[in-house]
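Asks: Chains as they are written, first to last, in the working numbering: chain A, 38 to 465; chain B, 38 to 465. Provided herewith is a single structure, encoded as structure tokens, for subsequent inquiry.
2 protein chains.
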Amino acid sequence: MADYRTLSHQQLEQLRRELVDRYEQFQQQGLKLDMSRGKPAADQFDLVSGLLDAVNSQSSLLAADGVDCRNYGDFTGIPECKAIFCEMLGVSFDEIFICGNSSLAVMYDALGKMMLHGVRPGAKPWCREGNLKFLCPVPGYDRHFAITERYGFEMIPIEMTPEGPDMDQVERLVAADSSIKGIWCVPKYSNPQGITYSDETVRRLARMKTAADDFIIMWDNAYAVHDLYPEHRDHLLNILAECKAAGDPDRVMMFASTSKISYAGAGIAVFACSKGMMERMKKLLTIQTIGFDKINMLRHARYFKNLDGIMAHMDRQAELLRPKFRTVLDAFERELAGKGVAEWLNPNGGYFISLDVMDGCAKRVVQLCKDAGVTLTSAGATFPYGRDPRDRNIRVAPTYPTIPELEQAVALLCICVQLAAVEKLLRD
Amino acid sequence: MADYRTLSHQQLEQLRRELVDRYEQFQQQGLKLDMSRGKPAADQFDLVSGLLDAVNSQSSLLAADGVDCRNYGDFTGIPECKAIFCEMLGVSFDEIFICGNSSLAVMYDALGKMMLHGVRPGAKPWCREGNLKFLCPVPGYDRHFAITERYGFEMIPIEMTPEGPDMDQVERLVAADSSIKGIWCVPKYSNPQGITYSDETVRRLARMKTAADDFIIMWDNAYAVHDLYPEHRDHLLNILAECKAAGDPDRVMMFASTSKISYAGAGIAVFACSKGMMERMKKLLTIQTIGFDKINMLRHARYFKNLDGIMAHMDRQAELLRPKFRTVLDAFERELAGKGVAEWLNPNGGYFISLDVMDGCAKRVVQLCKDAGVTLTSAGATFPYGRDPRDRNIRVAPTYPTIPELEQAVALLCICVQLAAVEKLLRD
Numbered sequence: 038m039a040d041y042r043t044l045s046h047q048q049l050e051q052l053r054r055e056l057v058d059r060y061e062q063f064q065q066q067g068l069k070l071d072m073s074r075g076k077p078a079a080d081q082f083d084l085v086s087g088l089l090d091a092v093n094s095q096s097s098l099l100a101a102d103g104v105d106c107r108n109y110g111d112f113t114g115i116p117e118c119k120a121i122f123c124e125m126l127g128v129s130f131d132e133i134f135i136c137g138n139s140s141l142a143v144m145y146d147a148l149g150k151m152m153l154h155g156v157r158p159g160a161k162p163w164c165r166e167g168n169l170k171f172l173c174p175v176p177g178y179d180r181h182f183a184i185t186e187r188y189g190f191e192m193i194p195i196e197m198t199p200e201g202p203d204m205d206q207v208e209r210l211v212a213a214d215s216s217i218k219g220i221w222c223v224p225k226y227s228n229p230q231g232i233t234y235s236d237e238t239v240r241r242l243a244r245m246k247t248a249a250d251d252f253i254i255m256w257d258n259a260y261a262v263h264d265l266y267p268e269h270r271d272h273l274l275n276i277l278a279e280c281k282a283a284g285d286p287d288r289v290m291m292f293a294s295t296s297k298i299s300y301a302g303a304g305i306a307v308f309a310c311s312k313g314m315m316e317r318m319k320k321l322l323t324i325q326t327i328g329f330d331k332i333n334m335l336r337h338a339r340y341f342k343n344l345d346g347i348m349a350h351m352d353r354q355a356e357l358l359r360p361k362f363r364t365v366l367d368a369f370e371r372e373l374a375g376k377g378v379a380e381w382l383n384p385n386g387g388y389f390i391s392l393d394v395m396d397g398c399a400k401r402v403v404q405l406c407k408d409a410g411v412t413l414t415s416a417g418a419t420f421p422y423g424r425d426p427r428d429r430n431i432r433v434a435p436t437y438p439t440i441p442e443l444e445q446a447v448a449l450l451c452i453c454v455q456l457a458a459v460e461k462l463l464r465d
Numbered sequence: 038m039a040d041y042r043t044l045s046h047q048q049l050e051q052l053r054r055e056l057v058d059r060y061e062q063f064q065q066q067g068l069k070l071d072m073s074r075g076k077p078a079a080d081q082f083d084l085v086s087g088l089l090d091a092v093n094s095q096s097s098l099l100a101a102d103g104v105d106c107r108n109y110g111d112f113t114g115i116p117e118c119k120a121i122f123c124e125m126l127g128v129s130f131d132e133i134f135i136c137g138n139s140s141l142a143v144m145y146d147a148l149g150k151m152m153l154h155g156v157r158p159g160a161k162p163w164c165r166e167g168n169l170k171f172l173c174p175v176p177g178y179d180r181h182f183a184i185t186e187r188y189g190f191e192m193i194p195i196e197m198t199p200e201g202p203d204m205d206q207v208e209r210l211v212a213a214d215s216s217i218k219g220i221w222c223v224p225k226y227s228n229p230q231g232i233t234y235s236d237e238t239v240r241r242l243a244r245m246k247t248a249a250d251d252f253i254i255m256w257d258n259a260y261a262v263h264d265l266y267p268e269h270r271d272h273l274l275n276i277l278a279e280c281k282a283a284g285d286p287d288r289v290m291m292f293a294s295t296s297k298i299s300y301a302g303a304g305i306a307v308f309a310c311s312k313g314m315m316e317r318m319k320k321l322l323t324i325q326t327i328g329f330d331k332i333n334m335l336r337h338a339r340y341f342k343n344l345d346g347i348m349a350h351m352d353r354q355a356e357l358l359r360p361k362f363r364t365v366l367d368a369f370e371r372e373l374a375g376k377g378v379a380e381w382l383n384p385n386g387g388y389f390i391s392l393d394v395m396d397g398c399a400k401r402v403v404q405l406c407k408d409a410g411v412t413l414t415s416a417g418a419t420f421p422y423g424r425d426p427r428d429r430n431i432r433v434a435p436t437y438p439t440i441p442e443l444e445q446a447v448a449l450l451c452i453c454v455q456l457a458a459v460e461k462l463l464r465d
């Protein structure tokens with residue numbers, strides 16, 4: 038099929054009629070499918086059902102260090118659980134803290150502490166400064182942007198490249214403006230594009246000169262072990278090690294969780310940072326809580342045992358997710374390639390596929406899908422303030438639907454992408 | 038035995054020698070006992086071991102409304118868990134929110150939201166106001182005071198009476214000073230005295246005129262069902278109902294948890310408030326997290342079933358705690374009564390016994406105990422900034438030690454209380 042941009046008005050009109058026909062057939066099917074969030078499917082959870090038996094009334098409830106997990110104690114987490122995440126993130130025992138079920142809550146809380154108390158050793162509370170800015174690589178994770186918006190930051194979009202955020206732009210901005218306090222990063226299998234930051238990008242983030250002496254990299258390593266292809270695991274450089282090497286160990290706060298490993302609602306979240314910053318965080322966290330849920334930590338540690346246990350589980354999970362990603366990507370390739378109406382990446386892991394439709398068409402595509410019963414993530418959601426300046430990015434979340442549902446949904450999506458493009462070409 | 042304050046110098050010297058002898062015998066025993074915190078004992082946890090079997094790999098993981106507890110969803114908590122806390126706190130389904138494992142963290146977070154965003158509908162963020170004050174009934178809970186201290190509040194101590202905080206003082210202060218933003222309350226079996234607020238106190242809190250239009254009552258109902266004597270359960274008026282009746286439903290935020298019901302480290306915490314404030318909190322919490330641990334909610338709901346299930350369990354727990362409380366109180370009665378050296382209350386529930394020693398002696402008593410191997414809560418800890426102006430209050434936490442340990446510890450404590458008093462009388 039030819040590039041739609043080369044077609045005549047008459048050809049486009051013909052095409053529009055065909056697409057509308059096919060679209061109306063979908064409308065008549067009465068689909069009802071929600072693909073708006075990156076939700077795991079039930080079969081993923083079934084893979085870890087043994088987690089619920091890992092601790093029962095007959096189990097010892099003592100952690101490896103003898104602490105009774107039913108009681109207060111082990112403020113920073115139980116040692117066997119810390120060991121797993123230390124291995125996952127490449128940090129040491131005194132650089133990690135095991136929290137509750139939500140890494141988002143940990144990030145919200147960490148930024149809240151920066152706002153009210155200052156977290157980097159010696160840093161002042163940001164809430165006393167008038168003008169606060171945060172760098173937001175785009176497309177990115179809407180819930181990150183919602184946090185910095187809520188705290189009152191002006192959010193500056195940074196273009197993503199195949200190697201991560203556009204570092205020329207980042208370096209120029211942070212060197213010049215001390216009101217830029219940090220950057221959001223999903224460094225491995227980024228949400229939504231599935232891009233893994235190159236070594237060069239990680240090193241430049243660690244080494245760049247920042248006008249703010251309390252600049253923080255919010256390193257949300259949400260998909261650290263979420264490879265789709267065991268034979269091709271993306272490699273991510275250890276940014277904490279790089280920050281130490283660059284002489285600024287307090288520049289980064291790392292986050293991870295098992296929300297997309299064990300249970301989306303009942304997993305374990307962690308943060309990691311330099312020892313200096315950890316001392317500060319511990320002092321602040323002591324005010325806040327007597328400790329997090331150690332029985333759930335114990336459950337996870339006894340079930341997965343170690344990072345190998347997690348990797349083996351993730352490979353089984355990948356077997357469920359690969360066909361779903363393939364269903365979407367094959368349809369894109371079959372229906373959209375060469376037509377000049379869309380671009381996408383083929384991620385090696387993560388939870389999403391990012392689809393760039395023709396400029397000015399994303400909202401129309403999402404609306405068309407919705408009107409035929411398929412709810413996608415809102416157009417613009419992957420940008421600060423929900424504003425995609427080119428109105429082209431759509432986040433596709435393939436994990437939750439079944440493959441037959443996904444086939445229908447993506448077939449509809451491909452029609453809508455083409456229809457919106459043709460409508461636009463006819464208008465122009 | 039006569040009141041020590043009536044003894045001659047010679048009699049006091051004689052008494053001091055006897056007490057020092059007995060104290061030194063204790064020192065030689067090499068005791069090593071930590072009674073500094075209100076920790077549950079392992080036998081309390083053993084009572085609820087079935088909780089760990091309430092959900093296993095064979096269980097349905099669907100909540101009563103069909104939501105899969107392993108996945109995202111049911112943002113405010115699963116219905117069967119909400120039902121239990123609604124009954125416990127006397128609130129409706131849309132007035133309650135089920136959170137993670139720590140009510141302290143929920144309180145810290147709620148005040149953090151008041152600082153940064155404002156929580157009462159229409160309220161401004163407090164961090165923009167220069168001068169913030171908070172009322173702190175004393176003696177009280179050190180971790181409450183640590184939170185308001187951390188947020189930069191000036192803390193104003195309010196004397197406790199047998200009916201709760203001195204309401205004459207409270208009413209006078211809040212009417213006159215708009216920088217007083219709230220009050221900490223542990224309204225039932227208060228920490229550490231075990232006092233339950235009278236109906237009159239609750240009503241006056243709900244009705245009093247406050248100069249601040251965003252005044253908040255932090256109602257930490259930590260011991261809502263923690264009766265020691267099933268035949269005598271203290272009654273607490275529903276303050277949310279009273280605030281509604283008084284025309285200011287947004288004045289109170291209620292908190293509770295199962296930390297002293299199921300597991301100190303792995304229970305469930307909740308907050309409750311008016312519908313108007315809940316709408317505001319939900320909007321703010323949506324930024325922060327996709328949801329709390331629903332599998333732990335399910336575990337608790339399936340195990341306890343309803344409030345009756347919790348009450349039956351708490352009566353069994355009371356059987357373990359009553360002899361511990363009695364051990365302490367009987368020793369106080371036997372060793373300290375009538376000597377003019379100490380006063381205490383006999384609580385009907387809760388987790389602590391509050392001991393007022395002779396003015397100026399609390400630090401000395403705690404130090405003497407420590408030097409003989411028994412660590413008590415630091416003297417002054419029950420007051421803002423750790424400063425007990427009369428240096429007399431000691432919080433005794435009888436739950437964690439065994440009864441033989443407790444007998445030893447309290448025998449030592451009674452000697453130290455008398456010794457410190459005699460030392461003081463000899464100095465004066």
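We treat Cβ as the ideally placed atom computed from N, Cα and C, and that holds for glycine.
(1) Using beta carbons (cut-off 8 Å, strictly below), is A/S139 in contact with chain B?
(2) Do you know how far the Cα of A/L462 is from the Cα of A/L49?
(3) Counting only beta-carbon separations shorter than 8 Å, does B/K93 have a partner in chain A?
(4) Tell me the DSSP secondary structure of A/K76 in three-state form.
(5) In the structure shown, what three-state DSSP assignment does A/T414 receive?
(6) Within the same chain, show all residues whose beta-carbon is closer than 7 Å to that of A/G137, passing over the 5 residues directly before and after it, in chain order.
(7) Using 10 angstroms around the beta-carbon of A/Q230, count the other beta-carbons present and answer buried if the total reaches 16, otherwise exposed.
(8) Could one say the Cβ of A/R466 lies closer than 8 Å to chain B's Cβ atoms, at least one of them?
(9) Reducing DSSP to helix, strand and coil, say where B/K218 ends up.
(10) Whole angstroms are fine: how far does the CA of B/R429 sit from the CA of B/W381?
(11) Do the stretch 68-76 of chain A and the stretch 52-61 of chain B meet, that is, are 3 or more Cβ pairs less than 8 Å apart?
(12) Could you work out which residues of chain A lie near B/N333, taking near to mean beta carbons separated by less than 9 Å?
(13) I want to see whether chain B comes within less than 8 Å of A/P77, judged by CB atoms only; does it?
(14) Using the C-alpha atoms, what's the distance from A/L450 back to A/G377?
(15) What residues in the stretch 99-130 of chain A bring their beta carbon closer than 7 Å to a beta carbon of chain B?
(16) At what residues does the beta strand (DSSP E) containing A/M192 begin and finish?
(17) Taking the alpha-carbon positions, what's the B/E237 to B/A282 distance?
(18) Give the range of the beta strand (DSSP E) segment to which B/K312 is assigned.
(19) I need the DSSP call for A/V365, collapsed to helix, strand or coil.
(20) Could you pull the DSSP bridge partners for A/A306 from this structure?
(21) Give me the Cα-Cα distance between A/Y300 and A/G386, rounded to the nearest whole angstrom.
(22) Look at the alpha carbon of B/A374 and the alpha carbon of B/T364, and state the distance between them as a whole number of angstroms.
(23) Using a C-beta cutoff of 8 Å, does A/L153 count as contacting chain B?
(24) Which residues bound the beta strand (DSSP E) around B/I431?
(25) DSSP state of A/A374, grouped into three classes?
(26) Would you call the stretch 218-232 of chain A and the stretch 247-263 of chain A in contact, with 3 or more CB pairs under 8 Å?
(27) Going along the chain, which residues of its own chain have a beta-carbon closer than 6 Å to the beta-carbon of B/I327, five neighbours each way excluded?
(28) Who are the Cβ neighbours of A/P199 in its own chain at under 7 Å, not counting the five residues just before and after it?
(29) Assign B/S140 to buried or exposed, taking buried as 16 or more other Cβ atoms, counted over all protein chains shown, within 10 Å of its Cβ.
(30) Closer than 8 Å, CB to CB, is B/F292 near chain A or not?
(31) Between A/L89 and chain B, is there a C-beta pair that is closer than 8 Å?
(32) Out of curiosity, what's the CA-to-CA distance linking A/M197 and A/W221?
(33) 8 Å is my cut-off, CB to CB: does B/N82 come that close to chain A?
(34) Show which residues of chain A have a CB atom less than 7 Å away from the CB atom of B/C164.
(35) Helix, strand or coil for A/A355, going by three-state DSSP, please let me know.
(36) Counting contacts by CB-CB distance shorter than 8 Å, is A/G149 in contact with chain B?
Replies: Looking at the atomic coordinates:
(1) yes
(2) 8 Å
(3) Checking the sequence, you will find Asn at residue 93 of chain B rather than Lys. Yes - at least one Cβ of chain A is within 8 Å of the one on B/N93.
(4) coil
(5) coil
(6) A306, F329, D330
(7) buried
(8) Lying before the first or after the last residue shown, residue 466 of chain A is absent from chain A, which here runs from 38 to 465.
(9) strand
(10) 11 Å
(11) no
(12) N138, A303, D330, I332, N333
(13) yes
(14) 16 Å
(15) D105, C106, R107, N108, Y109
(16) 191-198
(17) 14 Å
(18) No beta strand (DSSP E) holds B/K312; the alpha helix (DSSP H) holding it covers 312-325.
(19) helix
(20) A/S294
(21) 18 Å
(22) 15 Å
(23) yes
(24) 430-433
(25) coil
(26) yes
(27) Y109
(28) I232
(29) buried
(30) no
(31) yes
(32) 12 Å
(33) This sequence places Phe at residue 82 of chain B; Asn is not what is there. Yes, B/F82 lies at the interface with chain A (some Cβ there is under 8 Å from its Cβ).
(34) L153, C164
(35) helix
(36) yes
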